[in-house]
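To keep things clear, I will list the structure first and then write my remarks on it.
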Amino acid sequence: MITAARKIAQKFQQMAKYTKGRREILELGSTEEKSEFSSMTDMISTCKEIIALTKQIQKHADLISKNCPDKRLVLSLANSMEPMGMLSQQLNIIASVKAAACGKYDEAAEVEADEMLTINAQNLMKSVRDTVRASESCSVKIDSASNKLKFKRK
Numbered sequence: 030m031i032t033a034a035r036k037i038a039q040k041f042q043q044m045a046k047y048t049k050g051r052r053e054i055l056e057l058g059s060t061e062e063k064s065e066f067s068s069m070t071d072m073i074s075t076c077k078e079i080i081a082l083t084k085q086i087q088k089h090a091d092l093i094s095k096n097c098p099d100k101r102l103v104l105s106l107a108n109s110m111e112p113m114g115m116l117s118q119q120l121n122i123i124a125s126v127k128a129a130a131c132g133k134y135d136e137a138a139e140v141e142a143d144e145m146l147t148i149n150a151q152n153l154m155k156s157v158r159d160t161v162r163a164s165e166s167c168s169v170k171i172d173s174a175s176n177k178l179k180f181k182r183k
């Protein structure tokens, strides 16, 4: 789960470099390429990889929540997992629309689309981070319940 979250963070970092480079090209007229992406199709494929990694995190977190004995932690995990599906779908839609509209609109619309993509990416990463934290809490509770640790006062 943590490995998937790190991969998502790396993918978002690549996307940020690409959008920053595009913004500089649009606003400043710079022709210097500063990204690993060669086209918008690369960015869309990266978005699809992020969506697949997000689904992987959701599956793992769901498994953890089914085994957690503490209902409060299960509820916390469910609340942190809930926005991930919606945000990943939004990411897919925004990236697809952005790719289809690339070069068809003025610079202000391109910059605004980049900002929407960035905001969505930030929200998705926050949801992933919250899910990883809640999963960690649940897994600690699962470990302590399976070892049947009981603390007694002396």
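Just so we're aligned, residue 30 is where the sequence shown starts under our numbering, counting upward by one.
C-beta atoms are modelled at their ideal positions from N, C-alpha and C, and glycine is treated no differently.
Less than 8 Å separating the beta-carbons of I171 and N108?
Within the sequence shown, residue 171 is the residue found at index 142, counting from 1. Within the sequence shown, residue 108 is the residue found at index 79, counting from 1. Result no, Cβ atoms of I171 and N108 do not sit closer than 8 Å.
According to DSSP, simplified to helix, strand and coil, what is P112?
In the sequence shown, counting from the first residue as 1, residue 112 sits at position 83. Looking at P112 - three-state DSSP - the assignment turns out to be helix.
Going by alpha carbons, who is nearest to M145 out of P98, A34 and S125?
Translated into the one-based positions of the sequence shown, residue 145 becomes position 116. The residue with the shortest Cα to Cα distance from M145 is S125.
Quick one: measure Cβ to Cβ for V157 and M113, integer angstroms, because I've assumed they're closer than 8 Å.
By 1-based counting over the sequence shown, the position of residue 157 is 128. By 1-based counting over the sequence shown, the position of residue 113 is 84. Between M113 and V157 the Cβ distance is about 7 Å, and since that is below 8 Å, they are a contact.
Can you give the Cα-Cα distance for A128 and A138, rounded to whole angstroms?
To locate residue 128, count along the sequence shown from 1; it is residue 99. To locate residue 138, count along the sequence shown from 1; it is residue 109. If you take the alpha carbons of A128 and A138, they lie about 13 Å apart.
With a threshold of 8 Å on Cβ separation, who are the neighbours of N121 within its own chain once the five nearest residues in sequence on each side are excluded?
By one-based count along the sequence shown, residue 121 stands at place 92. Hits under 8 Å: C76, K77 and I80.
Where does K63 land, buried or exposed, given buried means 16+ other C-beta within 10 angstroms?
As a first step, residue 63 must be located in the sequence shown, where it is residue number 34. The pLDDT assigned to K63 is 49, lower than 50, so where the model puts this residue is not dependable; a value taken from the coordinates is nonetheless given after this. Answer is exposed; the Cβ neighbour count stays below 16.
Quick check: what's the CA-CA separation for I93 versus K84?
As a position in the sequence shown, residue 93 is number 64, starting the count at 1. As a position in the sequence shown, residue 84 is number 55, starting the count at 1. For I93 and K84, the distance between alpha carbons rounds to 14 Å.
Should Q87 go down as buried or exposed, given a rule of 16 or more other Cβ atoms within 10 Å for buried?
For the purposes of this step, residue 87 is identified with residue 58 of the sequence shown, where counting begins at 1. It counts as buried.
Check the Cβ-Cβ distances between S105 and every residue of chain B, and say whether any is below 8 Å.
Among the protein chains of the structure shown there is no chain B, as only one such chain exists.
Which ranges would you report for the alpha helix (DSSP H) in the region 72–158 if only whole runs of at least 4 residues count?
As far as the region 72–158 is concerned, its whole alpha helix (DSSP H) runs of at least 4 residues are 100–129.
By a C-beta neighbour count over all protein chains shown, 10 Å radius and 16 as the cutoff for buried, is A174 buried or exposed?
The sequence position of residue 174 within the sequence shown is 145, counting from 1. Answer is exposed; the Cβ neighbour count stays below 16.
Do the CB positions of L82 and I37 come within less than 8 Å of each other?
Taking the first residue of the sequence shown as position 1, residue 82 is located at position 53. Taking the first residue of the sequence shown as position 1, residue 37 is located at position 8. In contact: L82 and I37 (Cβ atoms closer than 8 Å).
Can you tell which of D99, F41, T32 and S166 has the C-alpha that lies nearest to the C-alpha of I73?
On the sequence shown, residue 73 is found 44 positions in, with the first residue counted as 1. Nearest C-alpha to I73: F41.
What residues in its chain sit with their C-beta under 7 Å from that of N152, if we drop five residues either side in the sequence?
One-based indexing of the sequence shown puts residue 152 at position 123. Cβ within range, chain order: L116.
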